[in-house]
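Q:
2 protein chains.
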Amino acid sequence: MQRRRFLHRLGTGALAAGATLATPSVALAKKTFRWKMVTAWPKNFPGLGTGANRLAERITAMSGGRIRVKVYGAGELVPAFEVFDAVSRGTAQMGHAGAYYWKGKGEVFQFFSAVPFGFTPQEVNAWLYYGGGMELWRELYANFGLVPTAAGNTGTQMAGWFRKEIKSLDDLKGLKMRIPGLGGEVLKRAGGTPVNIPGGELFTALQSGTIDATEWVGPYNDLAFGLYKAAKYYYYPGWHEPGSVIECFINKAAFEALPKDLRQIVLAACQAANLDMLAEMTARNQQALETLVQEHGVQVKALPDEVLRTLHRLADQVVEEIAAGDPFARKVYDSYRSFHRQVSAWSGIAEYAFMRARSL
Amino acid sequence: MQRRRFLHRLGTGALAAGATLATPSVALAKKTFRWKMVTAWPKNFPGLGTGANRLAERITAMSGGRIRVKVYGAGELVPAFEVFDAVSRGTAQMGHAGAYYWKGKGEVFQFFSAVPFGFTPQEVNAWLYYGGGMELWRELYANFGLVPTAAGNTGTQMAGWFRKEIKSLDDLKGLKMRIPGLGGEVLKRAGGTPVNIPGGELFTALQSGTIDATEWVGPYNDLAFGLYKAAKYYYYPGWHEPGSVIECFINKAAFEALPKDLRQIVLAACQAANLDMLAEMTARNQQALETLVQEHGVQVKALPDEVLRTLHRLADQVVEEIAAGDPFARKVYDSYRSFHRQVSAWSGIAEYAFMRARSL
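Those protein sequences? They're chains E and G, same order as listed. In this text, residue positions in the first sequence follow the UniProt record's numbering: the first is 1, and each later residue adds one. In this text, residue positions in the second sequence follow the UniProt record's numbering: the first is 1, and each later residue adds one.
1. For the alpha helix (DSSP H) containing ALA230 (chain G), name the first residue and the last one.
2. With a threshold of 8 Å between beta carbons, is TRP346 (chain E) in contact with chain G?
3. How would you write the range of the beta strand (DSSP E) that PHE81 (chain G) sits in, first residue to last?
4. Please name the residue in G:LEU292, G:VAL108 and G:MET281 whose C-alpha comes closest to that of GLU321 (chain G).
5. Could you name the residues of the stretch 143 to 173 of chain E whose beta carbon sits closer than 7 Å to any beta carbon of chain G, in the order they occur along the chain?
6. Select from E:LYS167, E:PRO180, E:ILE246 and E:GLY160 the residue whose C-alpha is nearest the C-alpha of VAL217 (chain E).
7. Please report the distance separating the alpha-carbon of PHE117 (chain E) from that of SER335 (chain E).
8. Give the DSSP-derived three-state secondary structure of LEU21 (chain G) in the structure shown.
9. Cα separation between GLU215 (chain G) and GLN157 (chain G)?
10. For a test of the three-state rule: what should DSSP assign to GLY160 (chain E), helix, strand or coil?
11. Compute the Euclidean distance between the alpha carbons of GLN2 (chain G) and LYS301 (chain E), then round it to the nearest angstrom.
12. To the nearest angstrom, report how far apart GLN286 (chain E) and GLU201 (chain G) are at their CA atoms.
13. Mind checking which residues open and close the beta strand (DSSP E) that includes ALA61 (chain G)?
14. Using three-state DSSP, classify ALA190 (chain G) as helix, strand or coil.
15. Is it buried or exposed for GLY294 (chain E), if we count other Cβ within 10 angstroms and need 16 for buried?
16. Cβ of THR193 (chain E) within 8 Å of Cβ of LEU169 (chain E)?
17. Take PHE203 (chain G) and list the residues in its own chain whose beta-carbon comes closer than 8 Å to its own, dropping the five residues that flank it on each side.
18. Check whether the Cβ of TRP137 (chain G) lies closer than 8 Å to any Cβ atom in chain E.
19. Where does the unbroken beta strand (DSSP E) through TYR72 (chain E) begin, and where does it stop?
20. Identify the residues that DSSP records as bridge partners of GLY35 (chain E): which are they?
21. On the premise that LEU172 (chain G) lies in contact with LEU182 (chain G), defined as a C-beta separation below 8 Å, what is that separation, rounded to the nearest angstrom?
22. Using the C-alpha atoms, what's the distance from ALA114 (chain E) back to TYR100 (chain E)?
23. Buried or exposed, going by whether 16 or more other CB atoms sit within 10 Å of the CB of THR20 (chain G)?
24. Return the CA-CA distance between MET355 (chain G) and MET355 (chain E), expressed in angstroms with no decimal places.
25. Look up ILE246 (chain G) in the DSSP assignment and give the residues it is bridged to.
26. Quick check: the stretch 315 to 334 of chain E against the stretch 337 to 350 of chain G, are at least 3 beta-carbon pairs closer than 8 Å?
27. In terms of residues, what are the limits of the alpha helix (DSSP H) holding GLN110 (chain G)?
28. Is it true that the CB of ARG34 (chain E) sits closer than 8 Å to the CB of GLN89 (chain E)?
29. Going straight from the alpha carbon of LYS164 (chain G) to that of TRP346 (chain E), what length do you get?
30. Could you check the C-alpha separation between GLN207 (chain G) and ARG189 (chain G) for me, to the nearest Å?
31. Measure the alpha-carbon distance for LEU223 (chain G) versus ALA288 (chain G) and round it to whole angstroms.
32. What residues are listed by DSSP as bridge partners for VAL195 (chain G)?
33. Tell me the residue span of the alpha helix (DSSP H) that contains LYS301 (chain E).
34. Whole angstroms is fine: what's the gap from GLU247 (chain G)'s alpha carbon to THR120 (chain G)'s?
35. Tell whether a beta-carbon distance below 8 Å holds between GLY152 (chain G) and ALA350 (chain G).
36. Assess, as a yes-or-no matter, whether the stretch 258 to 265 of chain G is touched by the stretch 36 to 51 of chain G under the definition of 3 or more beta carbon pairs within less than 8 Å.
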């Protein structure tokens with residue numbers, strides 16, 4: 001059981017059935033830990049920022065106040081894209097972000113957030129908790145003095161907002177689209193021009209025609225940004241982010257300074273938050289989708305099969321190239337690829353076949 | 001935010017951001033609670049029983065041993081189908097089962113486990129945590145002195161093992177199949193003969209021809225029972241159980257006797273277990289499916305569309321009739337139906353459309 005081994009490695013032998021519980025020293029049991037959680041989201045940002053808030057509140061409540069976690073929005077303590085380094089050096093004890101933000105440190109980071117044509121939320125959790133994914137993630141982040149874990153999921157995203165219809169591959173040629181990361185690389189190979197623009201500037205860039213299209217998250221978050229006022233066509237499915245993991249990483253020294261019960265509380269709170277965020281996103285996305293269609297007249301459209309087929313082929317190339325980068329990237333890719341092949345087959349006759357049957 | 005209100009009603013105001021944490025009395029903070037968890041599964045049964053074990057271990061570890069939970073397999077303290085009453089009267093403090101087992105107390109219970117052609121795992125979590133489902137569940141179980149919550153999910157199940165091929169609706173006529181609950185009622189209306197047989201007797205009943213077919217769970221659990229030796233055809237999708245919730249219910253008086261931090265620990269441990277079990281089931285099902293097909297030559301087949309369409313129509317009738325039973329059942333049905341309509345639309349362009357695109 002990989003999970004059992006993983007927990008043991010964290011020094012939580014007390015989890016084994018029937019084991020005698022270690023009594024933490026009285027001093028440690030009474031100690032209050034004041035932790036900072038830095039996030040890559042604007043303070044209270046729907047779903048992501050509020051998810052970070054709830055995680056922090058929960059750790060504080062579960063620990064009876066022995067860990068008090070204060071949440072900082074992007075820019076409050078450090079900028080969004082510096083939260084990894086801030087927790088690594090101990091400026092804060094926890095970070096809440098997405099692993100693809102750290103691809104400057106290595107392309108391999110992206111496997112722990114989203115891979116184009118990769119895992120659904122249910123599949124990525126199977127890989128992380130029972131398929132060896134979490135152990136690889138911990139191996140990678142240990143190099144930076146961090147303990148990573150999953151603390152949320154956006155669900156399958158939308159392909160994005162387009163000012164013009166996409167009828168064939170030709171419509172991607174020259175298309176200037178905000179789409180970061182691996183998805184952007186795939187678009188580039190399909191003839192488009194990917195750009196990266198911070199979320200807060202998307203609406204203006206799209207409305208002014210600086211960009212022709214943009215992806216963001218899904219109906220709940222996209223409605224909040226008012227993107228429907230700047231582009232008419234809302235395309236699905238989110239081939240580039242089919243189930244993006246939201247991560248929580250913890251400064252390793254801070255984590256190891258906790259007594260065992262508090263370490264378990266932090267990890268379990270993250271796992272509960274992982275489910276909780278996806279549940280919220282799923283519930284809010286469907287409400288927001290109705291609002292977009294019925295109140296704002298948005299046209300929801302499927303990308304043509306021909307386009308999806310080509311993007312898939314290009315995505316497989318892009319992802320495979322990461323594996324060539326270094327031996328660790330190869331190890332992660334092999335684990336990902338082998339699990340993906342099998343779990344896709346299972347999903348195909350389970351959740352997928354059921355949803356198909358339901359729609360007949 | 002329904003979730004926030006829900007937590008408040010449990011008297012956990014400390015969760016509100018910035019609220020001062022109530023200090024539990026010193027006596028209560030030091031007290032050790034010895035709890036019994038009775039389960040509807042054989043001890044250590046793969047996925048379900050082991051999920052109960054992990055949940056208990058985790059509560060003990062997170063609480064630093066302040067709650068010590070001892071798990072009992074079916075029949076060890078009380079029989080499988082008496083765990084609800086045992087926890088209701090306080091013989092044990094926690095129970096681990098599936099709500100459809102209690103349909104003798106009211107058909108409405110089944111909405112909190114599985115509804116034919118109902119929710120996927122991701123959808124049911126959205127309904128429970130952010131769509132009002134959990135509040136209705138708590139209202140129902142409060143009548144029995146219980147606090148219910150979700151603590152696992154099987155994922156979409158398989159339609160079952162059949163000794164003969166199902167080529168049309170005619171093949172369901174007279175079919176004697178082990179399929180309990182709402183699924184069984186649907187089969188009956190399609191001309192079949194549903195029977196209920198305990199899991200342990202399935203193999204013999206199927207091999208001897210006492211029954212023509214049986215559903216159980218999915219590849220992981222079905223492989224363990226050796227059902228492939230008694231029937232050749234393994235059908236999908238599990239229209240009758242598309243995402244069965246595994247429940248944990250807690251004796252209300254025992255729950256309220258806990259200090260606030262321990263109440264939070266118990267609820268968060270259940271939510272983490274909810275994700276954890278589905279992750280395990282997803283990972284193990286795909287491995288077991290490969291074993292069944294490649295080592296045991298099992299023929300995996302899809303139910304014909306015509307059959308699925310008819311079963312769906314009959315299922316809608318069966319489920320709607322529950323609503324006619326009493327005003328509370330009507331309230332639950334209305335909540336379920338309205339959320340189901342919306343969330344199916346969203347899943348259709350999100351996870352479903354993505355999995356379709358991936359398979360092109």
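Where is the CB? At the ideal position from N, CA and C, for every residue including glycine. Keep in mind the model is a prediction, meaning the values are calculated, not measured.
A: The relevant details are as follows:
1. Here ALA230 (chain G) belongs to no alpha helix (DSSP H), and DSSP marks it neither H nor E.
2. yes
3. Run containing PHE81 (chain G): none; DSSP gives neither H nor E here.
4. G:VAL108
5. GLY155 and THR156
6. E:GLY160
7. 16 Å
8. Only weak support exists for where LEU21 (chain G) lies, its pLDDT of 43 falling under 50; the value from the coordinates is given anyway. LEU21 (chain G): coil per DSSP, three-state reduction.
9. 9 Å
10. strand
11. Low confidence applies to GLN2 (chain G): its pLDDT is 43, below 50, so where it sits in the model is not reliable enough to give any reading.
12. 43 Å
13. Element bounds for ALA61 (chain G): not the beta strand (DSSP E) but the alpha helix (DSSP H), 48 to 62.
14. coil
15. Gly is not the amino acid found at residue 294 (chain E); the sequence shown has Gln there. When all chains shown are included, GLN294 (chain E) counts as exposed.
16. no
17. PHE225, GLY226, LEU227, LYS229 and ALA230
18. no
19. 67 to 72
20. The sequence shown places Trp at residue 35 (chain E), rather than the Gly named in the question. Paired residues: E:VAL69.
21. Wrong, their Cβ atoms sit about 16 Å apart, outside the cutoff.
22. 7 Å
23. For THR20 (chain G), the predicted structure reports a pLDDT of 40, less than 50, and the residue's modelled location is therefore unreliable. A value from the coordinates is still provided. The residue is exposed, with fewer than 16 neighbouring Cβ atoms inside 10 Å.
24. 10 Å
25. G:GLY152
26. no
27. Unbroken run through GLN110 (chain G): none, as it is neither H nor E.
28. The question names Gln, yet the displayed sequence has Arg at residue 89 (chain E). Result no, Cβ atoms of ARG89 (chain E) and ARG34 (chain E) do not sit closer than 8 Å.
29. 23 Å
30. 26 Å
31. 7 Å
32. G:ARG178
33. Not the alpha helix (DSSP H): LYS301 (chain E) falls in the beta strand (DSSP E), residues 299 to 302.
34. 16 Å
35. no
36. no
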